[in-house]
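Asker: Encoded as structure tokens, here's the structure I'll be asking about.
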Amino acid sequence: MAPLLDTLIVPITSLGGAQDIAPPAPLTVLCSTRVILPGVETPASIVISPTTGKITNIIRSIPDPSAFPPGTIYHDYSPKVIMPGLVDAHVHLNEPGRTEWEGFETGTRAAAFGGVTTIVDMPLNAIPPTTTVENLNLKVKAAEGQCWVDVGFYGGVIPGNEEDLVPLVKAGVRGFKCFLIESGVEEFPAVSANDLAKAMEKLKGSPTVLMFHAEMLPPLSMSVGDSVLHGDPPLAPAGPLDAYSTFLASRPPAFETYAIEEILSLANIAPSLQLHIVHLSAKEGIPIVRAAQEAGVKLSAETCFHYLTLAAEDIENGDTRHKCCPPIREGSNRDDLWGALREGLIETVVSDHSPCTAGLKMLKEDGGDGDFFQAWGGISTVGLGLSVLWTDGRKRGVSLEEISLWTSYKTAKQVGLLGRKGCLEVGWDADILVFDPEAKFTVTSSDMHFKNKVSPYENKTLTGKVCETWLRGHQIYSVDGGFDEKTGASGVMLLEPRARPN
Ligand SMILES: NC(=O)NC(NC(N)=O)C(=O)[O-]
Ligand SMILES: [Zn+2]
Ligand SMILES: [Zn+2]
Numbered sequence: 001m002a003p004l005l006d007t008l009i010v011p012i013t014s015l016g017g018a019q020d021i022a023p024p025a026p027l028t029v030l031c032s033t034r035v036i037l038p039g040v041e042t043p044a045s046i047v048i049s050p051t052t053g054k055i056t057n058i059i060r061s062i063p064d065p066s067a068f069p070p071g072t073i074y075h076d077y078s079p080k081v082i083m084p085g086l087v088d089a090h091v092h093l094n095e096p097g098r099t100e101w102e103g104f105e106t107g108t109r110a111a112a113f114g115g116v117t118t119i120v121d122m123p124l125n126a127i128p129p130t131t132t133v134e135n136l137n138l139k140v141k142a143a144e145g146q147c148w149v150d151v152g153f154y155g156g157v158i159p160g161n162e163e164d165l166v167p168l169v170k171a172g173v174r175g176f177k178c179f180l181i182e183s184g185v186e187e188f189p190a191v192s193a194n195d196l197a198k199a200m201e202k203l204k205g206s207p208t209v210l211m212f213h214a215e216m217l218p219p220l221s222m223s224v225g226d227s228v229l230h231g232d233p234p235l236a237p238a239g240p241l242d243a244y245s246t247f248l249a250s251r252p253p254a255f256e257t258y259a260i261e262e263i264l265s266l267a268n269i270a271p272s273l274q275l276h277i278v279h280l281s282a283k284e285g286i287p288i289v290r291a292a293q294e295a296g297v298k299l300s301a302e303t304c305f306h307y308l309t310l311a312a313e314d315i316e317n318g319d320t321r322h323k324c325c326p327p328i329r330e331g332s333n334r335d336d337l338w339g340a341l342r343e344g345l346i347e348t349v350v351s352d353h354s355p356c357t358a359g360l361k362m363l364k365e366d367g368g369d370g371d372f373f374q375a376w377g378g379i380s381t382v383g384l385g386l387s388v389l390w391t392d393g394r395k396r397g398v399s400l401e402e403i404s405l406w407t408s409y410k411t412a413k414q415v416g417l418l419g420r421k422g423c424l425e426v427g428w429d430a431d432i433l434v435f436d437p438e439a440k441f442t443v444t445s446s447d448m449h450f451k452n453k454v455s456p457y458e459n460k461t462l463t464g465k466v467c468e469t470w471l472r473g474h475q476i477y478s479v480d481g482g483f484d485e486k487t488g489a490s491g492v493m494l495l496e497p498r499a500r501p502n
């Protein structure tokens, strides 16, 4: 039993008399025949320190409870799967300012329900946006005491805020997002090539990631896929406003490819700065990303649960729950995204949870007219992602190890949290979920803990359910016991500046 020795050594906490020595808090040991460790699924027992909430030992077997000190909290979850908590690196929690769309309490509760133990909050849709340190401080203040999971923050790049960027890095933002097309909210304008050049100059020596909403209007005379824009105003609808096909045609793949080309044309300004395409939707972007990576450009890409699991041809007219930008494309496009993901070219999968009040979705059942052009663009998903991805992924032969890599390890890497988050390793936070890969459930409002229960996944039957979520060694949610309301929201703000190298 040599591997157990480390675990059984009780630290000397006091040099005083025996009566001064508080009894050590009990260890927690979580075991299963199926544990997702780096690069392998294996029987294992995860030993957790009650004081630090960190993993102190990983034993590649399942010892009897009697092998541990008396009082040890011991759970054997076999045959359910123990996995690292998800790190959802793209979530919009619109507090303060648009808290009726989403807030820290509801958004992070929804995350905890779905085994997401870290979220990284996007810089836009709250008012003010996270474009200065002062604004970041307002966000952090709004978040404090409300978070069920750990929360990191992105900063935003907008025209004219280049002097704010390095101070934001120093204040602990995990990266930056900017838009090359209108963002949907007036306080977060798109940047020009000139603005971007300034931002890249400022950020080129910093340990951070510059992320792009890569949609851009090509010049009017330019060929867009098979068609040519004959002077029509860009984005103008050509067909019924409640038809998904009209919306899809208004944001063609060329918007994405043109934007990625534009980004690459500036990459030489900051060759050591990590660049990242958020929510890649168009398969046409894949060869461009591949060529750039092969040429040595530091470019990574993410896609979202919805681009991998939903398809344009299945979206009914007026069903604006599916509206997001860039749009969900055809099933064949979806297949290519899966291919790029499995090849490792797209590295991460995130929710892009970007909710709004139900009314802003303009659904006919809410008295709206189902107009895709007026409806808010954004999909509500946080906390449903693992089940959504597993439901489709398993049919494609995808393993939970791969899913864990895309949704935990690689996302943690993207935002500079490796060493603490993203996988089950000794010395890292014990952020853990227990997953029943065979359980089936139909999504109802009781599975959606985000504020506005409007999601394309409602009424869909999913395979695989999160049974428990543990944050830094403490159980925050279980399917049987619900949320730990007694302890309450115990998430912390992840504001330690990123370390070098990137
Ligand atoms: N203002 C937004 O939240 N936009 C978001 N909207 C989407 N994806 O439809 C995004 O991430 O671009
Ligand atoms: Zn975006
Ligand atoms: Zn987003």
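Residue 166 in UniProt numbering is what sits at position 166 of the sequence shown, and the numbering runs on without skipping anything. For each residue, glycine too, the CB sits at the ideal point set by N, CA and C. All of these numbers come straight from a predicted model, not from anything done at the bench.
Beta-carbon within less than 7 Å of Arg498's beta-carbon, same chain only, minus the 5 sequence neighbours each way: which residues are those?
Answerer: Numbered from its first residue, the sequence shown carries residue 498 at position 498. Excluding positions up to five away in sequence, the list reads Arg174, Pro207, Thr208 and Gly416.
Asker: At the level of alpha carbons, what is the spacing between Ile346 and Ser300?
Answerer: Along the sequence shown, read from residue 1 onward, the residue named residue 346 stands at position 346. Along the sequence shown, read from residue 1 onward, the residue named residue 300 stands at position 300. Distance between the alpha carbons of Ile346 and Ser300: 7 Å.
Asker: Measuring only the C-alpha atoms, how far is Ala110 from Lys141?
Answerer: Residue 110 sits at position 110 when you count from the first residue of the sequence shown. Residue 141 sits at position 141 when you count from the first residue of the sequence shown. C-alpha separation (whole angstroms): 20 Å.
Asker: Compare the beta carbon distance of Ala126 and Gly107 with 8 Å and say whether it is the shorter of the two.
Answerer: Start at 1 with the first residue of the sequence shown, and residue 126 comes out as number 126. Start at 1 with the first residue of the sequence shown, and residue 107 comes out as number 107. No, the pair does not count as a contact, with Cβ atoms beyond the cut-off.
Asker: So if DSSP puts Trp338 in a beta bridge, which residue, or which two residues, is it bridged to?
Answerer: Counting from one through the sequence shown, the residue named residue 338 turns up at place 338. Note: Trp338 sits in no beta bridge, so no partner.
Asker: Rounded to whole angstroms, what's the CA-CA distance from Asn452 to Thr407? Just pull it up for me.
Answerer: Counted from its first residue, the sequence shown places residue 452 at position 452. Counted from its first residue, the sequence shown places residue 407 at position 407. Approximately 24 Å, taken between the alpha carbons.
Asker: Considering only residues of the same chain and omitting the five flanking positions on each side of residue 509, which have a CB-CB separation below 6 Å?
Answerer: With the chain represented from 1 up to 502, any question about residue 509 goes unanswered, as that position is not in the structure.
Asker: Beta-carbon distances below 6 Å to any heavy atom of ligand 2 define the shell here; list its residues in chain order, please.
Answerer: For ligand 2, the residues with a Cβ under 6 Å from any of its heavy atoms are, in chain order, His213, Val278 and His279.
Asker: Counting only the same chain and skipping the five closest in sequence on each side, list residues whose C-beta sits under 6 Å from that of residue 504.
Answerer: Residue numbering for the chain in the displayed model covers 1 to 502; residue 504 lies beyond these limits and cannot be assessed.
Asker: Checking 8 Å against the spacing of the C-beta atoms, do Val87 and Thr411 come in under that value?
Answerer: Locating residue 87 in the sequence shown gives position 87, counting from the first residue. Locating residue 411 in the sequence shown gives position 411, counting from the first residue. Against a cut-off of 8 Å, the Cβ pair of Thr411 and Val87 comes out as a contact.
Asker: Since Leu462 and Ser490 should fall inside the 8 Å C-beta cutoff, what is the C-beta to C-beta distance between them, to a whole number of angstroms?
Answerer: The residue you call residue 462 lines up with position 462 of the sequence shown. The residue you call residue 490 lines up with position 490 of the sequence shown. In fact, because the Cβ distance is near 27 Å, the residues do not count as touching under 8 Å.
Asker: Cβ of Met122 versus every heavy atom of ligand 3: is any distance shorter than 7 Å?
Answerer: Indexing the sequence shown from 1 puts residue 122 at position 122. Yes, Cβ of Met122 sits closer than 7 Å to a heavy atom of ligand 3.
Asker: Under a three-way DSSP split, which group does Glu365 fall into?
Answerer: Here residue 365 refers to the residue found at position 365 when the sequence shown is read from its first residue. Three-state DSSP puts Glu365 in a helix.
Asker: Which partner residues of Asn57 appear in the DSSP bridge assignment?
Answerer: Residue numbering aside, residue 57 sits at position 57 when the sequence shown is read from its first letter. Answer is Val47, bridged to Asn57.
Asker: For Lys323, which residues from the same chain have a beta carbon less than 6 Å from its beta carbon, with the 5 sequence-adjacent residues on both sides left out?
Answerer: Translated into the one-based positions of the sequence shown, residue 323 becomes position 323. Result list for Lys323: Phe372, Ala375 and Gly377, in chain order.
Asker: Around the Cβ of Ser332, are there at least 16 other Cβ atoms within 10 angstroms (buried) or fewer (exposed)?
Answerer: Along the sequence shown, read from residue 1 onward, the residue named residue 332 stands at position 332. Result: exposed.
Asker: Please list, in chain order, all residues of the same chain as Asp484 whose beta carbon is under 6 Å from its beta carbon, the five residues on each side excluded.
Answerer: As a first step, residue 484 is located in the sequence shown; it is residue number 484 there, counting from the start. If we look at Asp484 and ignore the five residues flanking it on each side, its Cβ neighbours are Ile476.
Asker: Say whether chain C places a C-beta atom closer than 8 Å to the C-beta of Gly155.
Answerer: Here there is only one protein chain, and chain C is not present.
Asker: Given 7 Å as the limit, tell me if Cys467 has its C-beta closer than that to any heavy atom belonging to ligand 1.
Answerer: Taking the sequence shown and counting its residues from 1, one reaches residue 467 at position 467. Not so, every heavy atom of ligand 1 lies at least 7 Å from the Cβ.
Asker: Pull the bridge partners of Gln475 from the DSSP assignment, please.
Answerer: To locate residue 475, count along the sequence shown from 1; it is residue 475. For Gln475, which the question treats as bridged, DSSP gives the partners Trp470.
Asker: Is it buried or exposed, Asn94, if we count other Cβ atoms within 10 angstroms and call 16 or more buried?
Answerer: Start at 1 with the first residue of the sequence shown, and residue 94 comes out as number 94. So Asn94 ends up on the buried side.
Asker: Are Ala270 and Met216 touching if we call contact CB-CB under 8 Å?
Answerer: Position 270 of the sequence shown, counting from 1, holds the residue named residue 270. Position 216 of the sequence shown, counting from 1, holds the residue named residue 216. The answer is no: Cβ separation not under 8 Å.
Asker: Per DSSP, Ser461 forms a beta bridge with which residues?
Answerer: Taking the sequence shown and counting its residues from 1, the one referred to as residue 461 is at position 461. First, the residue type needs correcting, since residue 461 is Thr and not Ser in the sequence shown. In the DSSP output, where bridge partners are listed per residue, Thr461 has Thr442.
Asker: The alpha helix (DSSP H) that contains Lys170, what's its start and end?
Answerer: The residue you call residue 170 lines up with position 170 of the sequence shown. Element bounds for Lys170: Leu165 to Lys170.
Asker: Do Val120 and Ala89 count as a contact pair if the criterion is CB distance below 8 Å?
Answerer: Here residue 89 refers to the residue found at position 89 when the sequence shown is read from its first residue. Here residue 120 refers to the residue found at position 120 when the sequence shown is read from its first residue. Contact flag set, yes.
Asker: Around the C-beta of residue 503, are 16 or more other C-beta atoms found within 10 angstroms, so that it is buried, or is it exposed?
Answerer: An answer regarding residue 503 cannot be provided, because it is not within the stretch 1 to 502 covered by the chain.
Asker: Near Thr117, what residues of its chain come up, given a Cβ to Cβ distance below 6 Å and the 5 sequence neighbours on each side ignored?
Answerer: Here residue 117 is taken as the residue at index 117 of the sequence shown, counted from 1. Around Thr117: Gly85, Val149, Asp431 and Leu471.
Asker: Grouping DSSP H, G and I as helix and E and B as strand, with all else coil, what is Ile269?
Answerer: Walking along the sequence shown from the start, residue 269 turns up at place 269. Looking at Ile269 - three-state DSSP - the assignment turns out to be helix.
Asker: Are His353 and Val278 closer than 8 Å when you measure CB to CB?
Answerer: Start at 1 with the first residue of the sequence shown, and residue 353 comes out as number 353. Start at 1 with the first residue of the sequence shown, and residue 278 comes out as number 278. Remark: C-beta atoms of His353 and Val278 do not approach each other more closely than 8 Å.
Asker: Which partner residues of Arg34 appear in the DSSP bridge assignment?
Answerer: Reading the sequence shown from its first residue, position 34 is the one you call residue 34. Looking at the DSSP assignment, Arg34 forms a beta bridge with Val81.
Asker: Taking the alpha-carbon positions, what's the Glu400 to Ile36 distance?
Answerer: One-based indexing of the sequence shown puts residue 400 at position 400. One-based indexing of the sequence shown puts residue 36 at position 36. Contrary to the premise, residue 400 reads as Leu rather than Glu in this sequence. Roughly 8 Å separates the two Cα atoms.
Asker: Mind checking who Glu41 pairs with in its DSSP beta bridge?
Answerer: Along the sequence shown, one-based indexing puts residue 41 at 41. Answer is Ile36, bridged to Glu41.
Asker: Pull up the DSSP beta-bridge partners for His276, would you.
Answerer: Position 276 of the sequence shown, counted from the first residue, corresponds to residue 276. Beta-bridge pairing links His276 to Met211 and Ser300.
Asker: Closer than 8 Å by C-beta to Phe441: which residues in its own chain qualify, once you throw out the five before and the five after it? Chain order, please.
Answerer: Numbered from 1 along the sequence shown, position 441 holds the residue referred to as residue 441. Cβ within range, chain order: Ser387, Asp447, Thr461, Leu462 and Lys465.
Asker: Kindly indicate the opening and closing residues of the beta strand (DSSP E) around Tyr74.
Answerer: If you number the sequence shown from 1, residue 74 lands on position 74. First-last of the beta strand (DSSP E) with Tyr74: Ile73 to Asp76.
Asker: With a threshold of 8 Å, are at least 3 pairs of Cβ atoms found where one atom belongs to the segment 234-254 and the other to the segment 307-319?
Answerer: yes
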